[in-house]
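Protein chains in written order, with the numbering used here: chain A, 15 to 325; chain B, 687 to 807.
We put the CB at the ideal spot given by N, CA and C, even for glycine.
Everything below concerns the one structure shown next.
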Amino acid sequence: MATRLAPKELMKQPERLAPGHRLCAGCGASIVVRQMLAAIDEPVVISNATGCLEVATTIYPYTSWRVPWIHNAFENSASTISGVEAAYRSLVRQGKMEEKDVKFIGFGGDGGTYDIGLQALSGAVERGHQMLYVCYDNGAYMNTGIQRSSATPFGAHTTTSPAGKKIPGKQQFRKDLTRIMAAHDIPYVGQAAPSKWRDLMEKTRKAVNCGGPAFMNVLSSCNRGWRHATDETLEITQLGVDTCYWPLYEVEDGEWRLTYKPREKLPIEEWLKRQGRFRHLFKPQNRHLIDEKQEEIDRKWEELLERCGEA
Amino acid sequence: MSELKGWKEIPIGGMILDAGNSVEYDTGDWRAFRPVFGEAECINCFQCWLNCPDSSILVDTEKEEMVGFDLKHCKGCGICASVCPVNAKVKKKAEDELEKDEASLCIRIIEEGKLQEAGYE
């Protein structure tokens, strides 16, 4: 029997991510990792793309991982874990290892997934490995000091899309990776956020038990890059969900399903005004950018509702 | 920090063989704010445990109780207080009555230098 998804039961399971890691105070990534690993009862093996999570949890001679863990390079977290999975199954076939229901998980940030690791990820899921790849999306290369990635939202200030006289922050809309992964026609694709922990945990369970490759995209706040106070992490994450910037949905065997519908869809300003990276958008000369952003979000939301049969 | 090892003493590939040994590393000294636990108010919902980025909520798994904070590792982000339903209730009440009842908060966040002022230690 799987552990019931209730905090009172989950806290009795061994903690898989030890404290003492050097992620910033109020980091969203470690919340995502803790919640996801708490939802899995089976043994896990993890590969990690280069990024904040990898760097901060394994500063030599310390590691925060109480599960088998491997780092290879920035771009190949997905192919690394696919290789680990294939090697394990081969050893089991040869009778050299005991057969257990091991879950293979790859973690990467948006830089290591949307940009640098996209080819490796696409290949790994196409080959049909039984693995879950998780992207914790904080919308920029935060580890190296907030450079834009293809996940950075439109209008956001980063050090390589600086808001100033020449440009008002990032000028392109973000890449929709969840939909790209859904287009691979793999058994499970999900988009989640740690502010809805039960939804995140249920999706994690479905993903690791789908019998094939699975992908999850999880919104993860970075208070250094997003520019907000450390205790607002989950509140602002939830605003991202309630403004439909980050809708929560899943695609299970080609079946699209909305897992959370905001009672009232909030205007995007509610999310923008809480973060320093969007502060310049509220200047009179930039207000039209907020309208543009709202239009884009509305368009994508309508499209999603239609796909999920909710329109 | 332990004494540096010679190259012959380091495991092949620079692997770290002691899983989870980062507990030996203090991150508590980063803290500018400290969470203070109001035991009497706690309803043991474990929302703080569930959302702590630093695995720093101490729980008694037998009694199913929240015990306090691991101050050796807690970085003082304040997420525990922000997700606490008891705190939310108190703050809601304060909004209505224009008076904040600090003492009935389950988790208080206090500046490290002002603990004495607030009546602690």
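In this structure, how does DSSP classify residue i when only helix, strand and coil are distinguished?
{"i": "V265/A", "result": "strand"}
{"i": "C258/A", "result": "coil"}
{"i": "Y155/A", "result": "strand"}
{"i": "Q133/A", "result": "helix"}
{"i": "V81/A", "result": "coil"}
{"i": "L248/A", "result": "helix"}
{"i": "I742/B", "result": "According to the sequence shown, residue 742/B is Ser rather than Ile. S742/B: coil per DSSP, three-state reduction."}
{"i": "Y128/A", "result": "helix"}
{"i": "K117/A", "result": "strand"}
{"i": "I796/B", "result": "strand"}
{"i": "P697/B", "result": "coil"}
{"i": "T273/A", "result": "strand"}
{"i": "G714/B", "result": "helix"}
{"i": "A345/A", "result": "Residue 345/A lies beyond the residue range present for chain A, which begins at 15 and ends at 325; the question has no answer from this structure."}
{"i": "P33/A", "result": "coil"}
{"i": "P21/A", "result": "helix"}
Go to residue i, then tell me how far its alpha helix (DSSP H) extends in each direction, as first and last residue.
{"i": "R48/A", "result": "42–52"}
{"i": "G97/A", "result": "91–107"}
{"i": "K217/A", "result": "211–222"}
{"i": "N300/A", "result": "That residue, N300/A, is in no alpha helix (DSSP H); it is neither H nor E in DSSP."}
{"i": "R291/A", "result": "Counting along the chain, R291/A falls outside any alpha helix (DSSP H), and DSSP gives it neither H nor E."}
{"i": "G239/A", "result": "237–240"}
{"i": "E751/B", "result": "Premise fails: E751/B lies in the beta strand (DSSP E), 751–755, not in any alpha helix (DSSP H)."}
{"i": "A196/A", "result": "191–196"}
{"i": "S768/B", "result": "765–769"}
{"i": "N707/B", "result": "Taken as a continuous stretch (DSSP letters only), N707/B belongs to no alpha helix (DSSP H), as it is neither H nor E."}
Locate the beta strand (DSSP E) running through residue i, then write down its first and last residues.
{"i": "Y147/A", "result": "146–151"}
{"i": "R720/B", "result": "719–723"}
{"i": "A228/A", "result": "228–233"}
{"i": "V58/A", "result": "58–62"}
{"i": "Q205/A", "result": "202–206"}
{"i": "M15/A", "result": "That residue, M15/A, is in no beta strand (DSSP E); it is neither H nor E in DSSP."}
Just checking my contact of residue i with residue j at CB under 8 Å: how many whole Å lie between their CB atoms?
{"i": "A165/A", "j": "D124/A", "result": "4 Å"}
{"i": "S78/A", "j": "H35/A", "result": "4 Å"}
{"i": "T260/A", "j": "A207/A", "result": "Reading the sequence as shown, one finds Trp at residue 260/A and not Thr. Contact holds; Cβ gap of about 6 Å."}
{"i": "L31/A", "j": "V47/A", "result": "6 Å"}
{"i": "M752/B", "j": "C770/B", "result": "10 Å between Cβ atoms; not a contact."}
Out of the options, state which residue places its alpha-carbon closest to the alpha-carbon of residue i.
{"i": "D256/A", "options": "R277/A, L272/A, S163/A, A63/A", "result": "R277/A"}
{"i": "L318/A", "options": "T273/A, I304/A, L286/A", "result": "T273/A"}
{"i": "L214/A", "options": "L51/A, K110/A, I250/A, I181/A", "result": "L51/A"}
{"i": "L327/A", "options": "S790/B, A726/B, C763/B", "result": "It is not possible to answer for residue 327/A, since the shown part of chain A is limited to 15 through 325."}
{"i": "L703/B", "options": "G40/A, L67/A, M25/A, T72/A", "result": "T72/A"}
{"i": "R80/A", "options": "S96/A, E29/A, E112/A", "result": "E29/A"}
{"i": "I194/A", "options": "Q185/A, F229/A, L233/A, V222/A", "result": "F229/A"}
{"i": "A39/A", "options": "P57/A, E99/A, C236/A, H85/A", "result": "C236/A"}
For the ligand SAH, is there a heavy atom less than 7 Å away from the beta-carbon of residue i?
{"i": "A138/A", "result": "In the structure on display, the ligand SAH does not appear, and there are no ligands present to speak of."}
**Request:** Could you please tell me which residues of the segment 724–758 of chain B, in chain order, have their CB closer than 7 Å to any CB of chain A?
**Result:** C731, F732, Q733, W735, L736, N737, P739, D740, S741, S742, V745, T747, E750, D756
**Message:** Tell me which residues of the segment 246–259 of chain A have at least one Cβ-Cβ distance to chain B shorter than 8 Å, keeping chain order.
**Reply:** E246, T247, L248, E249
**Asked** Mind listing which residues of the segment 701–714 of chain B have their C-beta closer than 8 Å to chain A's C-betas, in chain order?
**Response** I702, D704, A705, G706, N707, S708, V709, E710, Y711, D712, T713
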